[in-house]
Every structure is written in C-alpha cells, then in structure tokens.
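Below is one structure; the comments refer to it alone.
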Amino acid sequence: ALSTWALKKVAERVDREGRILASSDSGFHVRVSRSGKAAERNAPMSWDDVMGPKVTLPEIQRQIEDKGPVSWSLLSKFAAVSQNSDERSRRPPHLVCASAAASLIFARSSYANLYPLVNGLALYGAKVPTSAFWSLSRAGYTVSTFTVNEALATAADTCSAELKDAIGKGRAKVRIVMDNIQVATTERDFRIGSQPKMIIGCAATAIVMENCDPAAFDSKALDDQWKQNLRKTLTVDQILEDIDNNHLQLVGALHWLSALFAFVPSLKSYNTKVTEAFRTRAAIHRMPDGHRTKLYPLGTNNANEATVGGIRDAINDFLHTQLGVDPDAAEYPTIVPVSGDGLTFEQIHRLIRYNSQEQSAGHRYAHAVPILELWHTKWTDLTRVISTHYGRSTVTRDPSSLGSSASAINVPRPGNMKKVDYYPGAHTITTVLTARMVDCWSIFFGTNDIVLYFAERQASGTLPTFEEFEANAHVLVARYSSTEAYEQALESGPVSGTDMDFPVGPVWPAESGRGDGDGDGANEFTGDRVLANSILFMRDAIWFNEVCYAVAHGDIGRVLEVLKVWIFTFSGSGHHKYATYLLEMYCNFRFDFPKPLVQAILSNYLVNPSGIDGHFSEADFMQEQHNGVLEDHAQKKGSEFHEPHYRKVLSPSVRKFLEFNAEQEEALGLSKRSKTHGVPNLRDEYRALLQMYWEKDLHKFCVGRTMDHAPVDAFAAGVQKMHDGALGRFLRTST
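Quick look at the structure:
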C-alpha cells in the first residue's frame, strides 16, 4: 500500500513537471508559422531560435533537470546515468535521456517542438527521403516535412524583414554577389509537351559591409568623379610603375621558404615564421583577425544573366524587390556594389551603358557598382598557366614542360585546355612547383638528398637561422623565378658574382635539335631554353600561389598587386576579356571611385563565414558553394528557380544548411569532420619528379640546350600588346 501511494505521488509529480516543461514558458515552443494560435503569444521564428549554444542537447538537458528534476531522475536511473557517463564516447546516456525527454515533451504538446524541429532541419538539409520523415515524425523524433518547410519560410521572412529594415533605416550597408545557376533535368516519362530541359536562374547573397565610411555610399560623389574622366590619362608605363616589385620579391621569397620548410621535416618549426611574415611584413590590406562575415542568401529567380534583359531583371529583383533599395527614393540612391564572375561583370556594365541616357540616377543604375570577383579570375589564370606550360600532347621528353612532369606522376592531360578542371589543375601546378623549388634548394646546398642533409645539420646543431634562409630565398627568387632570370638563361647564361650565377651543367650537343626561334645556322644559340622554360613556369605558378595564399589570409592588398601583373599576362596569352575586366577594375580603384568607396570595397572584398583566421575566401567561390546545394535540390525536384519552394524556402536557407549540422555535431561532442578529402601523401610523386629533374640537370645551365617546348612569356607579350594599342582601344571604348 505504501509503495502504491508513493508511486502515485511520484506519478503526480511527473505529470506536474510535464505540464511545466510543455508550457509556453518552458522555452521549448517555437512558432513556425506567422498565423495560428501561437501568433498572439510568440514572435515569428528566426534562425537564432534553432541555432546557437542555447539550442543543443546539453542545454536542453540542463533545462529539464532544472524544471523537471524528478522526471530526469527517473529517466537517468532507467538509462543508468552515472557520474562517469559523460566520459562515454559512444551514445552517452545523459544525451540519450535528453533526446528522449525532448520527444516526450513534444508528445505531450505539439507546440513544444524545439528539439524535434532542430532534428527536422538537420534531416531536411541532408536531403533525407520523405518516407523517413513520415516514420520519424510519427515516433516523435522530428516534426513533419510540412512543418520544416513552414519553419524555413518563416525564418527566411524574418531575416529578410530585419535586413530590409536595417537597410531602409541606414543601419546596414550591403553588397551582393550573384551568379547564374542552372541544372539539366532528365525526363523519364515522355508525354506530349514533356521533354528534358535546362533550368536556368540567378542566385545571389547579400554581404553586410563593415568598417565603412558613410560617405562611401554616396552615388552623387561617384557620379561626379566619373564625369571627370580621369582614366583617359592612363599609360602602360603608369601601370608598370605601379607594380610593387619589391613586394613581389618579398612574397616570392616567402613562397620559396614555405616550399622548403613544408618538404623537410627537420625545418617544419620555421613555418610559423613564414606565416608571421606573410601576416606582417608582406601585409598590405588585411581584414581584421576574427572577422566573421554576415551573409544573407537571397531568393532565387529565373532571370538569365547572359542577356541584358536578364541581368536587369535579376538586379531589380535582388536590389529593389528583396533588399528594398528604392531607385526613386532619392535623386541619388545609396550605392550597392554588385559583384560576380566575368560574364556578370560585363553584363552589368552593358546594362549601365544601355541606360546611360535615363534622366534618373536610379534608372541609370548609378547605384549598382559592378565589381569583378576573384575566384573565377584565379581559375582563368590557372588555365593560362597550364595551357602555356603544358607542352605538346605527343611530346613529353622536355623536362621543363608541365606535361612531362604530369606524365611522371601519372596525371592525365586536361581534356579541355581552354578551361581546365580547377582542383586537378591546381594540384598539378602546386605539386610540380614545390618539386622544382626543392630541386633548386638541393642544388643551392649541394646535395641530392635535402631531407637527409638538414637532418644531419639538425643533429649537429648547425641549422641556418631563419634570416639566413630568407637571404638565400631572395637569391633563388632572382635566379629561378624572375623575368630577368628567364631572359638571362635564354640569352647569355650565368653571370659570375651575381644572383644570375646559374650552376653549370654539361654542354648540350648541337645535333640534339633546336627549338623554335633558338638561333639558326648563322647565329648559334648560346642560351638554355629548357632552364628558361622552368624559370618562366615557376614565376607564373608563384603568382598563382600568391593569390591563393593572400585570399586565405584575408589580404586583398596582396591580391591586387598580382592582379596588376595579370593585366599583362592575360593580354599576352589570348585572354583578352579578362585583361579588359582587370583594366576596368584598375581604373575604377585608381581613377573612378572616391577614396571612401575604394576602402569600403577593399575592406569587404573577401568573405569569412566561419570567422576562423586563415579561412577567408572569394565571394564568388562562396556563391558557388550555395549554388551546389541548390542545384542538387533542383535535380531532385525538377522545379523552376523562381517557384516559391526555391525562392522562399531553399535559397534563403542555403547557408544554414552548410552550417547547421556542423554546429549540432560540435554540441554533441563529435569530432570535427573536415568535409573534404584528406591531403594525399605525395612522397612518391616528389621522389619521381626530383629524380627526373636531377638526372636531366633541369636547373643547371647547359649551353645550347633546347628541345620542342617553347612557351611564350605572356607578361612581355602583354606589355607589347598594350603598347601596340590594346590600352588605347580600351580607353576609347570605356571613357
């Protein structure tokens, strides 16, 4: 009888605690709809309601222990929770109890939906099939797909309203990055009117701009400066003089050091000094440490940016409809920088030119400032480097050709030399660049096993200081990765007592053949074409690497220094459109934009959604990540990008899908996953390349050596083209 009485009292206490935990004051209620009974009691859902440290199982456990101690005690006893349970790595009982309790609270009241909603969002982002949702929702683990869709739409509306209000009241300034989005659908059940189609649209993300002078967004000041037409005075020599060669020498030396220290285990401790030098002595315009970019993905539309009408519709939708930028609200609307890849950049300029006769500044799109994004620009340079240095498809015997090195490490020739695949291409040139740098270091120190050499010096306590290494690196920059070294190797060979004092190899037999343009019967070739080719490759590859490093470090100033060089390399390699784009950006920053606008753009050019130092990226690369998620959903659903499901539900939530599960995993104590493939061990590849370079004396000067491969110095060719009229034509059409 006493046991029955006690059990009844406990049951009454548990029932009372259940009512408290399921009540609207418990903190477990989330209003997923803008209508209904909850509308009077709770504010509409935002992402802050379902993300952050307060929305995790450990926090839910704390609330249940606080408001339902008896209920928690019973569950804990059932699951055998003890003081050591927290240490269990697999299925910790306290977390299982918290999850079960959250489902029980949801069973008691469908309004107490916090944790099941969190589960539903995680499952939805992972594209879990609807059938699994039915089962798990029935069991109380998650809410239904309908509820998830409502929650996503409500959160998107809340974010959009907050951003619109902040922009309208001047509390926030934004820029947008946009890109086309497309996916091919497959029709498997053919009927009249049904056929495979290409779904085309446009996606964009609003980026909140920080650390800006309010004067930066005055479109009248921009209009006034543009009318001065200051760019008409630009000359080729001005651009060349504006290139900071001392800076390029410094970062080049740091890249030589980075390659050596990463390759030799006994020198890895020096890497921190290289990183520090990049962040201090080599820095030009770094974004602040700990900077975390605020992003607002916008709703997609079905505009086709390949046409002027399409780019107009896209900008009107993103700026005016979604962000609330009213072109008629003032004589000169607030500036909104609009960025994208080369096509987007070109089309926005074309739109502005076509509307230049409109009376209203807003209708002339004076507030839409086109900005060229960097990842697609970098990709274009990657294509240029590979196509320039790869060599003929049927000839791989020239060790200076990229194709010869790629063949040695079993990397296939790119299928399309006009647009190589980014990641395989970047892997190839960075691997070959590192191997060639290490070979040059080996020659410099007079060893054919540089790892063993420095291991022995470490054991004897005779390792050089970092300052000594850096001085040596400056010598190698001048000797093996400069334009002057390329010309010296091609024309007359080593100069004793200078940085151009190449180590000398065997004389090349005259009967071994002669490359294009390397002397003739009357003028014997006395240079070394093979060595010159390798120098030219390393120079170009270091420029590409520098942009990659500078972006990751968040230093847009370092990026711009290389972009000045790329004006000429693109012009000299047939990439005329990107040469024009970079010339336009150069003129914008130097002549056309007021100084406050220049500083505002540079301070917000790169993005860092995570806030982790060293994890900056290009905005168009971030947009490509967003597009990948949307295109994946589009293939599954087959709907148009302007339909409500994409525009109101998926697209505004795409960034949260990328962040949500990672946050939940971290809260549960799961080890962090990189979400990328691990870096492969390249020992065998480096061994094969170093062996080939050593046997072929690639980086020694061999008088008269020439083979089939003769890449063009795109920088010199570009300078010549600019002098021959390319710059003049650009200025005539753009002023």
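FYI, the numbering for the sequence shown is 4 to 738, going by my numbering. Backbone N, C-alpha and C fix where the C-beta goes; we use that ideal spot for every residue, glycine too.
Out of the options, point me to the one whose CA is closest to residue i's CA.
i	options	result
Ala-187	Glu-634, Leu-730, Tyr-368, Val-73	Glu-634
Val-692	Ala-219, His-477, Ala-429, Ala-409	The sequence shown places Leu at residue 692, not Val. Checking every option, the nearest Cα to that of Leu-692 belongs to Ala-409.
His-370	Pro-268, Asn-183, Lys-176	Lys-176
Tyr-393	Glu-376, Leu-354, Leu-375, Val-435	Val-435
Val-13	Lys-421, Val-480, Gly-71, Asp-716	Gly-71
Ser-656	Thr-324, Leu-155, Ile-179	Leu-155
Thr-337	Leu-301, Lys-223, Val-311, Met-420	Lys-223
Glu-741	Pro-61, Gln-350, Ile-108, Ser-642	This structure cannot settle anything about residue 741, because the visible part of the chain is limited to 4 through 738.
Ser-36	Met-54, Thr-157, Ala-83, Phe-136	Thr-157
Ala-46	Gly-143, Leu-126, Thr-161	Thr-161
Gly-302	Val-652, Val-17, Ala-364, Val-73	Val-652
Ala-280	Gly-293, Trp-259, Gly-449, Gly-614	Trp-259
His-323	Lys-703, Arg-416, Gly-171	Gly-171
Ser-620	Val-610, Gly-614, His-629, Gln-626	Val-610
Ala-476	Met-695, Leu-263, Asp-401	Leu-263
Asn-122	Phe-660, Tyr-608, Leu-701, Ile-453	Phe-660
Leu-479	Pro-61, Tyr-696, Arg-439, Ser-363	Arg-439
Ala-142	Ser-113, Glu-153, Lys-167, Leu-10	Ser-113
Arg-282	Ala-4, Leu-166, Ala-553, Ser-654	Ala-553
Ala-411	Tyr-696, Glu-62, Gly-508	Tyr-696
Val-84	Ala-286, Arg-93, His-97	His-97
Ser-79	Lys-57, Ala-104, Leu-60, Arg-93	Ala-104
Ala-713	Gln-66, Val-568, Phe-540, Ala-364	Phe-540
Asp-739	Val-372, Ala-206, Glu-349, Tyr-456	Summary: the structure shown does not reach residue 739, with the chain confined to residues 4 through 738, and so no result is reported for it.
According to DSSP, is residue i helix, strand or coil?
i	result
Leu-375	strand
Tyr-299	strand
His-680	For His-680, the predicted model reports a pLDDT of 48, less than 50, meaning its position is unreliable; a value from the coordinates is still stated below. Coil at His-680, not helix or strand.
Phe-469	helix
Trp-697	helix
Phe-596	coil
Phe-644	coil
Trp-604	It should be pointed out that residue 604 corresponds to Ile in this sequence rather than to Trp. DSSP places Ile-604 in helix when its eight states are reduced to three.
Pro-340	strand
Glu-349	helix
Gly-204	strand
Gly-731	helix
Asn-307	coil
Thr-150	helix
Ala-169	helix
Leu-10	helix
Met-181	strand
Arg-194	coil
Arg-367	coil
Thr-188	strand
Val-610	strand
Asp-221	strand
Ala-175	coil
Ala-209	strand
Compute the beta-carbon to beta-carbon distance between residue i and residue j, rounded to the nearest angstrom, for a pair I have assumed lies under 8 Å.
i	j	result
His-288	Gly-617	Going by Cβ atoms, the distance from His-288 to Gly-617 rounds to 16 Å, so no, they are not a contact pair.
Gly-255	Ser-484	6 Å
Ala-219	Gln-602	7 Å
Ser-140	Ser-147	5 Å
Asn-664	Ala-333	About 43 Å separates the two Cβ atoms, so there is no contact after all.
Ser-269	Ala-458	5 Å
Ile-179	Ala-206	Incorrect: roughly 10 Å between the Cβ atoms, too far for contact.
Answer yes or no: does any C-beta atom of chain D fall closer than 8 Å to that of residue i?
i	result
Ile-615	The chain labelled as chain D is not found in the depicted structure, where only one protein chain is given.
Counting Cβ pairs closer than 8 Å, one from the stretch 526–537 and one from the stretch 486–496, do we hit at least three?
Yes: at least three Cβ pairs fall under 8 Å.
Fill in: Any 3 or more C-beta pairs closer than 8 Å across the stretch 535–543 and the stretch 335–348
These segments do not touch.
| How about the stretch 577–592 and the stretch 199–219: do they share at least three Cβ pairs that are nearer than 8 Å? | No, the stretch 577–592 does not touch the stretch 199–219.
Would you check if the stretch 572–590 and the stretch 463–482 touch, i.e. whether three or more CB-CB distances between them fall below 8 Å?
-> The stretch 463–482 vs the stretch 572–590: no contact.
Would you call the stretch 539–553 and the stretch 253–270 touching, i.e. three or more CB-CB distances under 8 Å? Taking 8 Å as the limit for Cβ pairs, the verdict is that the stretch 253–270 does touch the stretch 539–553.
Count the CB pairs spanning the stretch 112–119 and the stretch 21–35 that are closer than 8 Å, and state whether there are at least three. Contact between the stretch 112–119 and the stretch 21–35 is established, with three or more Cβ pairs separated by less than 8 Å.
Specify whether the stretch 437–447 and the stretch 419–429 touch according to this definition: at least 3 beta carbon pairs, one from each stretch, less than 8 Å apart.
Between the stretch 437–447 and the stretch 419–429, the count of Cβ pairs shorter than 8 Å is below three; the stretches do not touch.
Within the stretch 434–514, ranges of the beta strand (DSSP E) (whole runs, at least 3 residues):
Within the stretch 434–514, no run of beta strand (DSSP E) reaches 3 residues while sitting entirely inside it.
The stretch 720–727 touching the stretch 406–423, judged by at least three CB pairs closer than 8 Å = No: the two stretches stay apart, fewer than three of their Cβ pairs being nearer than 8 Å.
Is it a yes or a no for the stretch 377–393 touching the stretch 240–252, going by three-plus beta-carbon pairs under 8 Å?
-> Using a C-beta cut-off of 8 Å, the stretch 377–393 makes no contact with the stretch 240–252, since fewer than three inter-stretch Cβ pairs fall below that distance.
On the three-pair Cβ rule with 8 Å, is the stretch 353–364 touching the stretch 375–385? Between the stretch 353–364 and the stretch 375–385 there are fewer than three C-beta pairs closer than 8 Å, too few to call the two in contact.
- Which runs of the beta strand (DSSP E) fall wholly inside the stretch 543–595 and span at least 3 residues, in chain order? Unbroken beta strand (DSSP E) stretches of 3 residues or longer found wholly inside the stretch 543–595: none.
- Meets three-Cβ-pair contact criterion under 8 Å: the stretch 306–321 and the stretch 223–232: No: the two stretches stay apart, fewer than three of their Cβ pairs being nearer than 8 Å.
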